[in-house]
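Protein chains in written order, with this note's numbering: chain A, 1 to 431; chain B, 1001 to 1548.
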Amino acid sequence: MSTDERFLLSRRALLGGIGVAGISAFMPRGLARAQETAPKRLMVVHVPEGMWNSAPRPTTDGNLGDILEALEPHRDYVTVLNNLTLESRDHGPGGDGHHRGVSHMLTGTEMADASNAGGPSVDQYIARAIGSATPFASLQLAVRIIYNDTNARFVWADARRAVPAEQDPWAAYDRVFGGVMPGMTTTPRVDLRRSALDHAVREIGSLRNRLPTVDRDRLDSYQTSLRDIERRLMTLPRPEAMCALPTLGGRTDPRAEDNYPAVGRLQMDVAVAAFRCDLTRVISLQWGNSNDQCSYPWLGVNNLGHDLAHNNGNCDPDGAKKLTVFRWYAEQFAYLLQQLRDVPEGEGNMLDNTLVLWASEFGDSNGHGGSRLMWVLMGNAGGYFRTGRVMDCGGRSTNDVLTSLCNGMGLDDATYGNPAYCDGPLSGLRA
Amino acid sequence: MSLQTTQRPSALGLLLLCACNGAIGDPGQTEPVDDPSRPTDPRDPTLRCDVTTVGASPLRRLTHVEYDNAVASLLGDTSRPAESFVPDPERGLFENAASVQTVSPLLAEQYLETAVALAEDVADIGALAGCDVSDRACVQSFVERFGRRVYRRPLTSDEVAEYVAIYDSVAAESDVETGVRGVVASLLASPSFLFRPEFGVEAGTLRRATGYELASRLASLLWASIPDDELLDAAEAGELDTAEGVEMYARRMLDEPQARPAVAAFYEQWLGLRRIETTSKLDTAFPTYDEELRDSMSEETRRFIDHVLWEGDGRLETLLTADFTFVNGPLAELYGIDGPSDTATFERVMLDPSERAGVLTQASMLAAYARPDESSPVKRGQWVRVRVLCQELPDPPAGVPSLPMPREGVSTRERFAMHTADPACSACHSLIDGLGFGLEAYDGIGRFRTVDNGVDVDSSGEVTSTTDIDGEFDGGRELAERLASSQQVHDCAPRQWLRYVLARHEESEDLCSLRNLQEAFDASGGDLRELVIALTQTDAFLYYGEAR
């Protein structure tokens, strides 16, 4: 039996009676896993535009306040990191606050040029270390990206190598779970994919050496990506994973603004299921552009997030609309956390072994500034972090948080990003 | 604030508004730094062009549009699968910048899955092969013929053998037809299809692009696709080995219908017209601006460009100063003129020439380069400076303070002027705002106005830091006519075309190609159709330069 077949049979056996997309099914687990053997997972989520400085933030006495009220039921899993500084942002080349903010947010270092981040984002850095255990080293999901320039890109495999996200949850579903669906396992489709892949990899091998060195990186990027697919075809998910496929329902237009909440929810469903089936351990989710082009009609807001951020045309004189939008995002995180908590794992649930980072590129929305950022860390990475509090980080660099993320995920880095903007892991965060 | 232009005043035509503080640089780019002792301006009399020089020909990947056109041409499949590919990153003005044409994991997967899906969707694989696919000789001839179109060159015998081997192994597991599908899928996922590897052929001390490579370059430029059999036959027969042959085929190709969208795509990117498609406005400021109006604006400019290029005189001056345009009902209302009453009908109309002139004063431009609630002298000024004058501006610094809130009795112009009064800001803004202020007679959706926030509109502006059109002006028409009369602007169009064709910024080795192109454009009287032909006659187009 070839490796492929073993993979497919195993996944098919794993998923037993699943018929078609849209039917949710559970597989009984063989052995309960002990908590310490459960894998750690990371999900980084970008919410655009930050929050007005004038809006009250959660306070260090543990009051989550208006803006994070929705997280109240999950407060024991939540660590609010107030008063961070995106220090690297004001150094090096780059465009306006949006472009810089997003490119720097998780890379923590100067951009390579105005269109490219200068290093890997922390999720990719971590995926490089832990991603080989799963079919997908990482997954990138997004909701309704309007501009495909730098302000849509916060995930970078490395300097100059953006990792774009899938914006269509139905396509994401097919991609992530397609291989485990019956009807796709024995058809010629698998053979053709395999032949085409093998051939392309071989041809790149003979072509690349004939090309000038500076041109090879583009060809290599194709090769690397194909190898990634190849590896996935041969990677067995852990057989004891408790897998359940999400129910997506009828297809709608993922680009339509009215579908923004539904698409976001489906992307979270795909993410949770991908974690649950152990198809990946690192996921990113991006809500719109940094220059927020959603007008939140379902909240009765009807102004673009970017206009709210600046109160353009006095469209939001007292910040009520901005607050409504921010609170809505908090609700989305509450939904995500609940989905993770609903999956039992070891003595606890999946959130116990997961880290979710809610990051934004701005502190004050209006000034589009890189100081006074509020990020939220959820989950404790298998007990690594002491959660359930609000911290005043006193202006510490976001790179310190990124370092803590690495440490929480089992990497022993002393700094992250450009060390000039990093003092090491954030003190007081650990359990 | 004076503009730093390099040591040589004549070099002003070339970019470099640089940090607005005297330092030369090009902050948005990372192209190789030119030897400072060499001229940087193609018009520089010290630039010697008696020896051919060639800049790098970077490895190109099919754009998504080219991919869709190619599979339509190869398989008759018009489903345009690449429209759902992960979008290519935007860099600079053009969508084809070679340096960012990497293949992300997601795109690789889309390439692979689409290659397989397209192969499986071929209704009659026997008909595609044109012979009995159970016969290996048939399959071999299919690989040779179909493969030549996919690779845009004949396959080597080893390559043919590899594809026949794929047929053999897939057919052994399934059936002969599936075997052929395996060949098609493998061809479509191959790097030789997705990329456009070039090697050139020795020509003295340089390398000329081969006939097949020129066929690919022509098809990409003029059709946004791959060559057809006729063009490949011409390459095979050596008809593309001379500049005359290339010109003859370029003219023939430019007459084909698929040239129209391909050439229009350049103008849409150069002039940033697609921006309107993602432009939103505040309801409170512009209640009439809805999807219908937005799409109408976009359609107006498309029709206008299409008309100028193919039905009209094809001249740059007309693009910039025409007093006609195309409107439907909503646009007639916006422009305050008589026109069709419905949305679907577009009619050619004359506009009040004192109010409007060419593409610069069309609603799509004025609305896209504006703020959600008002006009934007900054965005409009930047548009003129970067796109039409070919001068680069540095990125705005981080932490720009907000604009003062609008209030009755204070014009947009006055608020912007306050905003950039700080010397740290005005250094750059003096290069931008003087142009944009001249367009203040158009509000945030391009309506003509004489009053703004209760104040009489002041649409006086000033052109600065150009080679030949500095001076004060008043209003959109005067600005447009000034631009149309400028040699700097007439030199800019060829420069932008060259960047588009090369998929990179120009280098010093390209300056003679650029000079020849600019001179050819002048000689044609500013004919934009001839400019495309002239492009194919430049050394930059005809030669291959190894990327360093």
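Beta carbons: idealized from backbone N, C-alpha and C, even for Gly.
Across the structure, R341(A) and V376(A) are spaced so that their CA atoms are roughly 17 Å apart. Among the residues of chain B, those whose CB is under 9 Å from the CB of Q293(A) are T1278, S1280, following chain order. Bounds of the alpha helix (DSSP H) holding H1429(B) are 1423 to 1437. In the three-state scheme derived from DSSP, where H, G and I count as helix and E and B as strand, N314(A) is classed as helix. The beta-carbon of E72(A) is placed no less than 8 Å from the nearest beta-carbon of chain B. Around A162(A), the beta-carbon contacts reaching into chain B at under 9 Å are P1089, V1100, T1102, S1104. Spanning the alpha carbons of S88(A) and H104(A) requires a straight line of approximately 7 Å. Within the DSSP secondary-structure output, W375(A) pairs in a beta bridge with L81(A). In terms of CA proximity to V1160(B), C1138(B) leads the group C1138(B), E1173(B), A1172(B), T1178(B).
Identification of residues in the stretch 304 to 320 of chain A having a C-beta nearer than 7 Å to some C-beta of chain B yields L304, D307, H310, N312, G313, N314, C315, given in sequence order. Residue environment for D1422(B): exposed (fewer than 16 other C-beta atoms within 10 angstroms of its C-beta). Here H46(A) is bridged, per DSSP, to Q286(A), A359(A).
Shown in chain order are the members of the stretch 1395 to 1415 of chain B whose Cβ falls below 9 Å from a Cβ of chain A: D1395, P1396, P1397, A1398, G1399, V1400, P1401, S1402, L1403, M1405, P1406. In the three-state reduction of the DSSP assignment, F1324(B) falls in the strand class, which pools E and B. S1225(B) carries a coil assignment under DSSP once its states are collapsed to helix, strand and coil. Of the other Cβ atoms in all chains shown, fewer than 16 fall within 10 Å of the Cβ of L299(A); this residue is therefore exposed. Listed in chain order, the positions of the stretch 1184 to 1216 of chain B with a beta carbon within less than 8 Å of a beta carbon of chain A are A1185, S1186, L1188, A1189, S1190, P1191, S1192, L1194, F1195, P1197, F1199. No Cβ of chain A is located within less than 8 Å of the beta carbon of R1136(B).
Within the same chain, Cβ atoms closer than 6 Å to the Cβ of I1226(B) are found at A1070, R1152, A1219, the five residues on either side in sequence being excluded.
Chain-order list of chain B residues neighbouring N148(A): P1087, D1088, P1089, E1090, by C-beta distance under 8 Å.
Non-local beta-carbon contacts of D1470(B) in its own chain, meaning distances under 7 Å to residues more than five positions away in sequence, involve V1463, T1464 in chain order.
Nearest neighbour of S1354(B) by Cα position, chosen from N1096(B), F1448(B), R1529(B), turns out to be F1448(B).
With respect to the 8 Å criterion, D1338(B) and A1332(B) are classified as neighbours on the basis of their beta carbons.
Only residues of its own chain outside the window of five on either side were considered, and among them V1388, L1389, C1390 have a CB closer than 7 Å to the CB of C1492(B), listed in chain order. Residue-level contact by beta carbon fails for R1274(B) and chain A, as no gap is shorter than 8 Å. The contact set of E166(A) on chain B, defined by CB atoms closer than 8 Å, consists of V1086, L1106 in chain order.
Secondary structure note for S1460(B): its beta strand (DSSP E) is the uninterrupted segment 1460 to 1463. If you check each beta-carbon in the stretch 116 to 135 of chain A against every beta-carbon of chain B, the ones closer than 9 Å belong to N116. Listed along chain A, no residue sits closer than 7 Å to R1260(B) by beta-carbon distance, the nearest being about 25 Å off. Proximity of the stretch 1123 to 1132 of chain B to the stretch 154 to 161 of chain A falls short of the contact definition, fewer than three beta-carbon pairs being nearer than 8 Å.
Runs of alpha helix (DSSP H) with 4 or more residues, each lying fully within the stretch 1082 to 1107 of chain B, are absent.
Any Cβ of chain A closer than 8 Å to the Cβ of R1548(B) would place that residue at the interface, and such an atom is present. In this structure the stretch 81 to 97 of chain A does not touch the stretch 126 to 134 of chain A; the number of beta carbon pairs closer than 8 Å is below three.
Taken atom to atom, the span from the alpha-carbon of L1435(B) to that of Y125(A) is near 45 Å.
Sixteen is the threshold: when 16 or more other Cβ atoms of the shown chains lie within 10 Å of the Cβ of R1061(B), as they do, the residue is buried. Within chain A, the C-beta atoms nearer than 7 Å to that of T1284(B) come from G313, C315, in chain order.
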